[in-house]
Amino acid sequence: MRRLIGFAVPVAVILLWQLVKSIGLLPYDNIPAPSDIWSSTVDLASSGELLTNTAHTLEACLGGWALGSVLGLLLGLLLGLVRPAWTYGMASVEVLRALPAISFVPIVVILLAQTVEMEIVIAAWVAIWPVAISTIDGVRGVNPVHQDLARSLGLSPVAKVVKFALPTALPKIVVALRLSLSAALVLAIVAEIVGDPEGIGYALVEQQQSLRPAAMFSYILLTGVLGIVLNFILVWTLRFVPGARQAARGADDAA
Amino acid sequence: MTVEATAPATETADAFSCSKLFVEYRTRNKVLRVLEDVGFSCAQGEFLSILGPSGTGKTTLLRILAGLLSPGEGSSVRFRGKEITGPPAGVGIVFQNYAASLLQWRTVERNVALGLEGRTSKAERDERVREALELVGLADRGKDYPWQLSGGMQQRVQIARSLVMRPEVLLMDEPFGALDAMTKAQLQDELLKVAEVTGATVVFVTHDIDEAVYLSDRVLVLAGRPATVGRELRIDLPRPRDQVATKELPAYLAARHRVYEALRAESEAGAE
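Note that the protein sequences, when read in sequence, are chains A and B.
For the first sequence, numbering that gives the first Met the number 0 assigns the number 0 to the initial residue and increments by one for each residue that follows.
For the second sequence, numbering that gives the first Met the number 0 assigns the number 0 to the initial residue and increments by one for each residue that follows.
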């Protein structure tokens, strides 16, 4: 019930927006009325353009996110568990993750041209760091009693990672996966605005250049919906991963 | 003609023996000696308590016996006659903090199975887990998660996790320290039963005098700074022991008295 009440606010804002626009109080012609946005969305959806662009952006975002997450996990395990790797590698990681991912877009466009691979690489780059950092933190955070226990049971290094380090790190990794998913979506769209002439990002530019603000708002709304849906699917999927369920719920409460 | 057991033969039958054991912790600007010239042995099948005030290094001593911590250069610590260089096989450990020790993401069964995974067939593992849980009275809680159990039950899971490995020795670090009096008494009796059924040697660290006297065959009093074994007291009380009957025996009260005096004498000596 509380959640439903929460929806009253955006509904009221939309109604107010529509009202202000209809009675001509809003001086900007390029801000469309909600009704215009709705009809343009219906048009874009029925022409199939919306779906094609969404599919393209999703491919880039999810591809990059998956790639980045796997690489981040491996990097995190390496740095978190192998002492020399941590000693020699951590400074580089701190430098690389401090560089804004967006600043890499132009160089990746030169390297890989205007392709979906270019988008994937950029989305992957931004997805790597949260997952890597959380994995490092997590696997290094095995509590001292567990460390004693693992040694006293004579567990192999691999067993220690699988039975202690990874489960300990899992809640942090889950949070990181959610962060990197939203970041990957943002970067995929940026890559489309700057480089690859396809997908939602390019559609935004295209509509801007043809002075169709209502269609631009359609795409803006679409990105918001995509973000929510992707997060929901991820959280829902995690319910089936043992140990991640509480982590997913905990992250929800924290958010 | 009878053949009498000679002294060396009984020596090798010791579960643990240490001599000249010392431990130092290096801090930034000084060396802190925690244990000094600790020497004792623990026979197989014996229930030995290590008693001492908080902060005397009881846990440190237990971690050395568990092979988790190396003592100072020149110390001798042996398990079944062999110098300890790492965690020896056949030694199980039960930690004080059960919540930190159990794997919260695993069910009770899978917590208990931890040390067997990949080492036995699944059928044998299941059977041994079931046996161990039965021994600690948790046969019906295998599918629960640790956080669904009371503190006493969680500590039983930890005991079962050690028992499943069929240890010759159980090292226990103030295992009942965090439990309420009734649960504590119940678990003490269960531990005595387990020790009897399995024949395991138990080295039990505690700061509770009554607990040490009630459970043990022998009590070592650890005291001083750095700590050493001040007194060694044999507790000759009949077994099986009983929370009411045993504690009413004059011999129990006498033993309790002796241990109390020893502890007081040692801490006074340490304070000087």
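Glycine included, every Cβ here is placed at the ideal spot set by N, Cα and C.
Computed from a predicted model, the values in this text were never measured in an experiment.
Can you grab the Cα-Cα spacing for the pair residue i / residue j, in whole Å?
{"i": "B:R32", "j": "A:G71", "result": "44 Å"}
{"i": "B:K19", "j": "B:D207", "result": "26 Å"}
{"i": "A:T134", "j": "A:V185", "result": "22 Å"}
{"i": "B:E3", "j": "B:G44", "result": "Its pLDDT being 46, under 50, B:E3 is placed unreliably in this model, and the value from its coordinates should be taken loosely. For B:E3 and B:G44, the distance between alpha carbons rounds to 20 Å."}
{"i": "A:L95", "j": "B:L214", "result": "59 Å"}
{"i": "B:L64", "j": "B:L115", "result": "22 Å"}
{"i": "B:R118", "j": "A:I232", "result": "38 Å"}
{"i": "A:P170", "j": "A:C60", "result": "23 Å"}
{"i": "A:V160", "j": "B:D143", "result": "24 Å"}
{"i": "A:L14", "j": "A:R82", "result": "59 Å"}
{"i": "A:Q207", "j": "A:K20", "result": "20 Å"}
{"i": "A:D35", "j": "A:L25", "result": "15 Å"}
{"i": "B:L191", "j": "B:D179", "result": "18 Å"}
{"i": "A:P105", "j": "A:E93", "result": "22 Å"}
{"i": "A:R222", "j": "A:I199", "result": "Correcting the residue identity first, residue 222 of chain A is Thr in this sequence and not Arg. Computed Cα separation, rounded: 8 Å."}
{"i": "B:R127", "j": "B:D139", "result": "15 Å"}
{"i": "A:P2", "j": "B:N28", "result": "Per the sequence presented here, residue 2 of chain A reads as Arg, with Pro not at that position. Their Cα atoms are separated by approximately 58 Å."}
{"i": "B:P86", "j": "A:P156", "result": "15 Å"}
{"i": "B:A122", "j": "B:R109", "result": "14 Å"}
{"i": "B:E260", "j": "B:L232", "result": "11 Å"}
{"i": "B:A226", "j": "A:V130", "result": "47 Å"}
In its own chain, which residues sit with a C-beta less than 6 Å from the C-beta of residue i, not counting the 5 before and 5 after it?
{"i": "A:V12", "result": "none"}
{"i": "A:A202", "result": "N52, Y218"}
{"i": "B:E23", "result": "V30, R32, G71"}
{"i": "A:G88", "result": "L78"}
{"i": "A:W128", "result": "R96"}
{"i": "B:P239", "result": "none"}
I want to verify the contact list: residues of chain A whose CB lies under 8 Å from the CB of residue i, in sequence order.
{"i": "B:I92", "result": "D147, L148, S151"}
{"i": "B:S100", "result": "V144, H145, L148"}
{"i": "B:P239", "result": "Those do not exist, as B:P239 stays about 29 Å from chain A at its closest Cβ, beyond 8 Å."}
{"i": "B:N96", "result": "V144"}
Show which residues of chain A have a CB atom less than 9 Å away from the CB atom of residue i.
{"i": "B:N110", "result": "The premise fails here: B:N110 is roughly 10 Å from chain A at the closest Cβ pair, so nothing lies under 9 Å."}
State the DSSP-derived secondary structure class of residue i, mapped to helix, strand or coil.
{"i": "B:M164", "result": "coil"}
{"i": "B:L232", "result": "strand"}
{"i": "B:Y259", "result": "helix"}
{"i": "B:L115", "result": "helix"}
{"i": "B:F21", "result": "strand"}
{"i": "B:R217", "result": "strand"}
{"i": "A:W235", "result": "helix"}
{"i": "A:T86", "result": "helix"}
{"i": "A:A65", "result": "helix"}
{"i": "A:I135", "result": "helix"}
{"i": "B:V243", "result": "coil"}
{"i": "A:R211", "result": "coil"}
{"i": "B:F15", "result": "strand"}
{"i": "B:D36", "result": "strand"}
{"i": "B:F94", "result": "coil"}
{"i": "A:I22", "result": "coil"}
{"i": "B:A268", "result": "helix"}
{"i": "B:D172", "result": "strand"}
{"i": "B:T197", "result": "helix"}
For residue i, which residues in the same chain have their Cβ closer than 7 Å to its Cβ, ignoring the five residues on either side in sequence?
{"i": "B:P174", "result": "V93, Q95, Q154"}
{"i": "B:C41", "result": "D13, A14, F15, L47, T200, V202"}
{"i": "B:R62", "result": "L68"}
{"i": "B:T58", "result": "D172, V204"}
{"i": "A:H145", "result": "F163"}
{"i": "B:I234", "result": "V212, S215, D216, R217, V218, A254"}
{"i": "B:T245", "result": "Y213, L236, Y251"}
{"i": "A:L66", "result": "I119, A123"}
{"i": "A:A149", "result": "K159, F163"}
In chain A, which residues lie less than 7 Å from residue i when you measure between Cβ atoms?
{"i": "B:G114", "result": "L152"}
{"i": "B:P145", "result": "Ordered by position in chain A, no residue passes the 7 Å Cβ test against B:P145, which lies about 13 Å from the chain."}
{"i": "B:L67", "result": "D147, R150, S151"}
{"i": "B:P86", "result": "R150, S151, G153"}
Would you grab the beta carbon distance between residue i and residue j for me? Rounded to a whole angstrom, and I think it's under 8 Å.
{"i": "A:A100", "j": "A:G63", "result": "Not really, about 11 Å apart at Cβ, beyond 8 Å."}
{"i": "A:L57", "j": "A:A214", "result": "The pair is not a contact, with the Cβ atoms about 19 Å apart (cut-off 8 Å)."}
{"i": "B:A159", "j": "B:L132", "result": "5 Å"}
{"i": "A:Q17", "j": "A:A7", "result": "Between A:A7 and A:Q17 the Cβ distance is about 16 Å, and since that is not below 8 Å, they are no contact."}
{"i": "B:V163", "j": "B:V107", "result": "Not a contact, Cβ separation roughly 12 Å."}
{"i": "A:A126", "j": "A:A183", "result": "5 Å"}
Can a CB atom of chain E be found closer than 8 Å to the CB of residue i?
{"i": "A:P166", "result": "Structure shown: chain E not included; protein chains present are A and B."}
Just to make sure I have the definition right: I need the residues of chain B whose C-beta is within less than 8 Å of the C-beta of residue i. Which are they?
{"i": "A:K162", "result": "L102, L113, E116"}
Keeping to the same chain, check which residues put their C-beta closer than 8 Å to that of residue i; ignore five residues upstream and five downstream.
{"i": "B:A222", "result": "G51, P52, T55, G229, L262, E265, S266, A268, G269"}
{"i": "A:A256", "result": "The structure shown has nothing for residue 256 of chain A, since chain A only spans 0 to 254."}
{"i": "B:L113", "result": "L102, R105, R160"}
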